[in-house]
Each structure stands twice: as C-alpha cells, then as structure tokens.
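**Q**
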Amino acid sequence: MTKRLLQDQKERFEKLKTPFYYYDTDLLAETLSVIKCETDKHEGWHLHYAVKACANPKVLRQIQQAGFGADCVSGGEIRTCLENGFPADEIVFAGVGKADWEIELALEAGIQYFNVESIPELEVIAEIATRMNKIANVSFRINPDVGAHTHSHITTGLAENKFGIAKEDMLHVIQVAEGLPSVRFVGLHFHIGSQILQMDDFEALCYRINELQDELEAAGIAEVHNINVGGGLGIDYDNPDENPIPDFKSYFETYAKYLKLRPGQRLHFELGRAVVGQCGSLITRCLYIKQAKQKQFVIVDAGMTDLMRPALYGAKHHIQNLTSSIFHHPSSIKYDIVGPICESSDTFAKDYLLPESRRGDLLVIRSVGAYGETMASQYNCRELPQAYTTADM
Ligand code: LLP
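For the sequence shown, this note's numbering assigns the number -8 to the initial residue and increments by one for each residue that follows.
In structure tokens form, the structure reads like this:
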C-alpha cells in the first residue's frame, strides 16, 4: 500500500463516517503470496495465522483461501474462524487460561491440537476429553527462556513471563501426557515475543529447540510430530511505504539454517503482525485544531478506543494528513495528535510534523492492520470503528 494509493481513495473515504479501518487487500494478497512462496520451499512447513492480530471476517477469509490455518487463543476466535471457512483441523488453540467451555468447543469441533501451558490445564483437557469420548491432541508450550529485543510488554519467552512450561519440566509433562489415555502428545510449541526485527533472536530460539530435541532423544522420546515456533516477526512502522512487506525471506531462512528438524517433523509458524500489520490504516477526521500555551493539538475523532497501541505501549505509527497532502504542502508544523477520550494517554503522537491541518481534514494512521481493530473497546460508550477493504471502495 503506497501513499499514492491511499491518496487515490481520498474521495471515497470522504463519504464514509469516520473513524474507520481500511484494509488494503491487494497488499494482503501480495504479502500472503510471498509467505506462501517461502514456506512452500520446505516440505512440512505450515503457517497458522495468529487471529488475535486481526479477526476482520474479510481478512480472515482471504487468509484462509490463501491456504493458511489459524492460531486461536479463545473460544470466540475458534468460532469466528469456523464461521469464516477455516476447517477445524487447521486450527490450533493456545492460551494460559482456557475455560472448560472453550476446551469443549475445541474438542467438539475437532481442532488440530491444543497448545498446553501447564499440568493443571493438561489434566482438565484430559478429563473433558474422557467425558466427551474424544482424544485431545496436545502440544506443550515450552518457555525457552530466550529474550527478544522488543518492548517489555510483548516479550513472552523469558522465565519470568507467565507463559509456557519451564524447559526443565518438559520431560515430566510429556511423561504425564503419555499416562493419560484421552490425550495424544503431538508436539512442542514456543513463542518468544512480538515485533522482533533482529533475526538473531529467532536464531537463539532455534539453538534452544535443538538442545531440547537432543534432550528428548536422549530420554527416548522419539515421536515429536510438530515443532511450532510461534510468531513474532516485526514490521517497519517508520517506513510503511518503503517496506510494505516484511522481510520474510530472512525470517524463514533463519529457521531453515539453524533449526534441526528430525526426519518427518513438521514446522509450524504463527505469524500475526507480519501478515496483516501493513495492510491496515485507520482513517480519522480532524475535529479541531487547538492552540494551547506550549502546544498545538490536532484533535481527531479516533481515540485510544479505536487504536490502543500508542496508549498502551507508547507505540509509534506513521501519520499523514490526506487532505493537505504533503505533496502539496510540506510538513511544517509540530502537533500533538490526540483523540477525544477522557484520558491523557489518548495521544497518537507528540510533536509530530504535519502540513498545516484544518478542521475536516482526513488523517491516516498507518500500519494498524495488526492489533488495531481487534483491540478496540467501547470505553466512554463509544461505537466500535467500522472497517472496509479495497473491494468496498
Ligand atoms: N503465537 C503466540 C503464542 C502469541 O502469543 C502471539 C502474539 C503470536 C503467535 C503472534 O505474534 P505476532 O506474529 O503477531 O508477533 N498487542 C501487542 C502484541 C501482542 C502479541 C501477543 N501474542 C501489540 O499491539 O504490539
């Protein structure tokens, strides 16, 4: 999605009620085909798209039709995926706190496997499966204790995080599973964090998995059908036009080079942000320009309820004024770009250079395809944002 294309949509955007998400499904198609091309080079490599990044039905359908499975973290996500064409056996289910009804739903539907995060959870899954007369496929999420160079709120693979089973306990949990007739142990699952741009973080994960696999082999546990390495590949938030498609080549090559799979073993990925992040924009309208003592504010009609990332993580998104395009007016004024919510953290950017902006101008907040719409809330009794795709324009 280039700036030019967004500019081209300006007239159509003008007719729509703001704020709204806009998904560039042409860019999504291109992104999906790059991923497909990289994963198809390797026998047994498969991507389960991390639905938490964006669960917009049109986006989900497109991803499903491109041949990907789904990584879900709630019963709601499983339902949404089933409704949008994902076959149950293409769905994996993760999360530290699966409720009984969610486990039942997953077993009833016949999902591919559960990513299990603790022994108490394993026991509940086994109990429910026995009651339902089913066999539950389980994969264990192992905390690899590998740090990632990313925001502390979105690193997950350290021993101090709540996720996964300590690597020292791996053999024990597999043995427990082997003693439970209603569960089948199928694999190992890992995830070290999100928005990771340094390939050596993934390389470190590969070394750790290799070590663990050696340990399993030494203990005589031969049958590990799947290795699931989670997601985490980041996107270029600063330059969405220059880098609309993440560096999938380096990402997948890292796994091809450093991960030692055993014969017949399948490798699963759970990318979310890298798949959809650059495809989404949030279109918002400038309500007021407010001159304060030390600052000039652009007050827009989107708030942290529509896009939570800046308020929650201090995330930076590229912002453009579509109406006074920088092609015509240089970005020359420093603004704080803020929303209407009654919270000081409802700020999209501080001291941000934009061309002179006026009431009524359309602004676009870029790279919000992932963890944008899915994290929207109704705080202040606001409506959830609408969403459109290229086909709707
Ligand atoms: N697999 C597991 C087990 C995960 O926990 C996650 C993300 C993914 C896959 C997908 O990760 P991705 O490829 O998208 O990095 N709301 C935050 C991001 C939270 C990520 C949570 N887990 C944000 O807006 O940055």
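Just so it is clear, CB atoms sit at the ideal spot from N, CA and C, and this is done for glycine as well.
Between ALA41 and ligand 1, is the CB less than 7 angstroms from at least one heavy atom?
**A** Correct: ALA41 has its Cβ closer than 7 angstroms to ligand 1.
**Q** Should SER316 be counted as a contact of ligand 1 given a C-beta to heavy atom distance under 7 angstroms?
**A** No.
**Q** Distance check for LYS1 and TYR370, CA to CA, integer angstroms please.
**A** If I take the Cα positions, the gap works out to 29 angstroms.
**Q** Buried or exposed for GLU374, please, with buried defined as at least 16 other CB atoms from any protein chain shown within 10 angstroms of its CB.
**A** By the 10 Å Cβ count, GLU374 comes out exposed.
**Q** At least one CB of chain B closer than 8 angstroms to the CB of ASP136: is that the case?
**A** Absent from the structure: chain B. Only one protein chain is present.
**Q** State buried or exposed for LEU(-4), treating a residue as buried only when at least 16 other CB atoms are found within 10 Å of its CB.
**A** Burial call: exposed.
**Q** Excluding the 5 residues flanking ILE116 on each side, which residues of the same chain have their C-beta closer than 7 angstroms to its C-beta?
**A** So the qualifying residues of the chain are ILE94, PHE105, VAL107, ALA127, VAL129, VAL174.
**Q** Given this structure, state the Cα-to-Cα distance separating LEU345 from ASN134, to the nearest angstrom.
**A** Those two C-alpha atoms are separated by around 44 angstroms.
**Q** Can you give me the start and stop residues for the alpha helix (DSSP H) that ILE310 sits inside?
**A** No alpha helix (DSSP H) contains ILE310, which is instead part of the beta strand (DSSP E) from 310 to 312.
**Q** So what does DSSP say about ASN420, is it helix, strand or coil?
**A** Nothing in the structure corresponds to residue 420, since the chain is present only between -8 and 384.
**Q** If you follow the alpha helix (DSSP H) that HIS385 is in, where does it begin and where does it stop?
**A** Lying outside -8 to 384, the shown extent of the chain, residue 385 is not represented and no answer is given.
**Q** Would you check if the region 35 to 42 and the region 58 to 76 touch, i.e. whether three or more CB-CB distances between them fall below 8 angstroms?
**A** Result yes; three or more Cβ-Cβ pairs closer than 8 angstroms.
**Q** Among residues of its own chain, excluding the 5 on either side of ASP191, which ones have a beta-carbon nearer than 6 angstroms to its beta-carbon?
**A** For ASP191, where only same-chain residues beyond five positions count, there are no Cβ hits under 6 angstroms.
**Q** Count the C-beta pairs between the region 226 to 244 and the region 201 to 215 that are closer than 8 angstroms, then say yes if the count reaches three, no if not.
**A** The region 226 to 244 vs the region 201 to 215: no contact.
**Q** Going by other Cβ atoms of all chains shown within 10 Å of its Cβ, with 16 needed for buried, is MET299 buried or exposed?
**A** When all chains shown are included, MET299 counts as buried.
**Q** Assign ASP352 to buried or exposed, taking buried as 16 or more other Cβ atoms, counted over all protein chains shown, within 10 Å of its Cβ.
**A** Burial call: buried.
**Q** Quick one: Cα of MET(-8) to Cα of ASP15, how far?
**A** With a pLDDT of 46 at MET(-8), under the threshold of 50, the modelled position of this residue cannot be trusted, and the question is left open.
**Q** Would you check if there are 3 or more beta carbon pairs closer than 8 angstroms linking the region 229 to 239 to the region 259 to 276?
**A** Flag = yes, the region 229 to 239 and the region 259 to 276 touch.
**Q** Output yes or no for whether 8 angstroms exceeds the beta carbon distance between GLY184 and GLN269.
**A** The answer is no: Cβ separation not under 8 angstroms.
**Q** Which value, in whole angstroms, describes the spacing of the CA atoms of TRP92 and GLU112?
**A** About 13 angstroms.
**Q** Tell me whether HIS309, by its Cβ, gets closer than 7 angstroms to a heavy atom of ligand 1.
**A** No, since every heavy atom of ligand 1 falls outside the 7 angstroms radius drawn around the Cβ of HIS309.
**Q** Can you list, in chain order, the stretches of the beta strand (DSSP E) that have 3 or more residues and sit fully within the region 33 to 117?
**A** Those beta strand (DSSP E) runs which fall completely within the region 33 to 117 and span 3+ residues are 36 to 41, 60 to 63, 82 to 84, 104 to 107.
**Q** Mapping the DSSP letters down to three states, classify SER24 as helix, strand or coil.
**A** DSSP places SER24 in helix when its eight states are reduced to three.
**Q** Is any non-hydrogen atom of ligand 1 found closer than 7 angstroms to the C-beta of LEU262, if you look at the structure I gave you?
**A** Within the cutoff, so yes.
**Q** State the DSSP-derived secondary structure class of ILE183, mapped to helix, strand or coil.
**A** Here ILE183 sits in coil by DSSP.
**Q** Quick one: is the Cβ of LEU224 within less than 7 angstroms of any heavy atom of ligand 1?
**A** Yes, the Cβ of LEU224 comes within 7 angstroms of a heavy atom of ligand 1.
**Q** Would you call the region 218 to 233 and the region 20 to 27 touching, i.e. three or more CB-CB distances under 8 angstroms?
**A** They do not touch, by the three-pair rule.
**Q** Am I right that GLY178 and ILE119 are in contact with their C-beta atoms under 8 angstroms? What's the rounded C-beta distance?
**A** That belief does not hold up - the Cβ atoms of GLY178 and ILE119 are roughly 20 angstroms apart, past 8 angstroms.
**Q** Do ARG300 and ligand 1 come close, with the Cβ less than 7 angstroms from some heavy atom?
**A** It does: the Cβ of ARG300 is within 7 angstroms (strictly closer) of some heavy atom of ligand 1.
**Q** Put THR(-7) into one of helix, strand or coil per three-state DSSP.
**A** The predicted model places THR(-7) with a pLDDT of 48, which falls under 50 and marks its position as unreliable; any figure quoted below should be read in that light. THR(-7): coil per DSSP, three-state reduction.
**Q** Give the list of continuous beta strand (DSSP E) stretches no shorter than 3 residues that lie fully inside the region 199 to 261.
**A** DSSP runs (the beta strand (DSSP E)) wholly in the region 199 to 261: 217 to 219, 257 to 260.
**Q** Quick one, are the C-beta atoms of THR381 and ASP17 less than 8 angstroms apart?
**A** Their beta carbons are under 8 angstroms apart, which means THR381 touches ASP17 by this criterion.
**Q** For SER185, is the beta carbon positioned less than 7 angstroms from some heavy atom of ligand 1?
**A** SER185 Cβ: within cutoff of ligand 1.
**Q** Report yes if the C-beta distance between LEU399 and ARG350 is below 8 angstroms; otherwise report no.
**A** No information on residue 399 is available, as it lies outside the stretch -8 to 384 that the chain covers here.
**Q** Hey, could you find the ends of the alpha helix (DSSP H) VAL266 is sitting in?
**A** Segment 264 to 267, the alpha helix (DSSP H) holding VAL266.
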